[in-house]
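FYI, the numbering for the sequence shown is 1 to 75, going by the numbering used here. Glycine is no exception: its CB is placed at the ideal position from the N, C-alpha and C atoms.
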Amino acid sequence: MAKKASKLPRKSVRDEKSEFGKDRRRRHHHYLVTVNYADGDNFGRVYTDKDKATRFAERQRRSPVVKSARVSQVS
Numbered sequence: 001m002a003k004k005a006s007k008l009p010r011k012s013v014r015d016e017k018s019e020f021g022k023d024r025r026r027r028h029h030h031y032l033v034t035v036n037y038a039d040g041d042n043f044g045r046v047y048t049d050k051d052k053a054t055r056f057a058e059r060q061r062r063s064p065v066v067k068s069a070r071v072s073q074v075s
């Protein structure tokens, strides 16, 4: 049986509000930058400022030896 297509857009994991935003005691969040290199090495660095984490990931992506660089919120 073919599945009927709905008119509503698909809900993404990123569409939902994160659980981390609900804690009023929290002073700052932590963002993990994970860099994967072409030779299979991995590197991770944690930032408390999202802008700094994003800038670091963008800078790493410009390198020819970097396969991927992603920012994820860890707390």
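Do glycine 44 and leucine 32 have their CB atoms nearer than 7 Å?
Taking the first residue of the sequence shown as 1, we reach residue 44 at position 44. Taking the first residue of the sequence shown as 1, we reach residue 32 at position 32. Against a cut-off of 7 Å, the Cβ pair of leucine 32 and glycine 44 comes out as a contact.
Consult DSSP for threonine 48 and reduce its assignment to one of helix, strand or coil.
Mapped onto the sequence shown, residue 48 falls at position 48. In the structure shown, threonine 48 sits in coil (DSSP, three-state: anything other than H, G, I, E or B).
Which of the three DSSP states, helix, strand or coil, is assigned to arginine 26?
Counting from 1 along the sequence shown, the entry for residue 26 is found at position 26. Correct three-state label for arginine 26: coil.
By a C-beta neighbour count over all protein chains shown, 10 Å radius and 16 as the cutoff for buried, is alanine 57 buried or exposed?
Here residue 57 refers to the residue found at position 57 when the sequence shown is read from its first residue. So alanine 57 counts as buried.
Arginine 70 by DSSP, collapsed to three states: which one?
Translated into positions along the sequence shown, residue 70 becomes position 70. Looking at arginine 70 - three-state DSSP - the assignment turns out to be strand.
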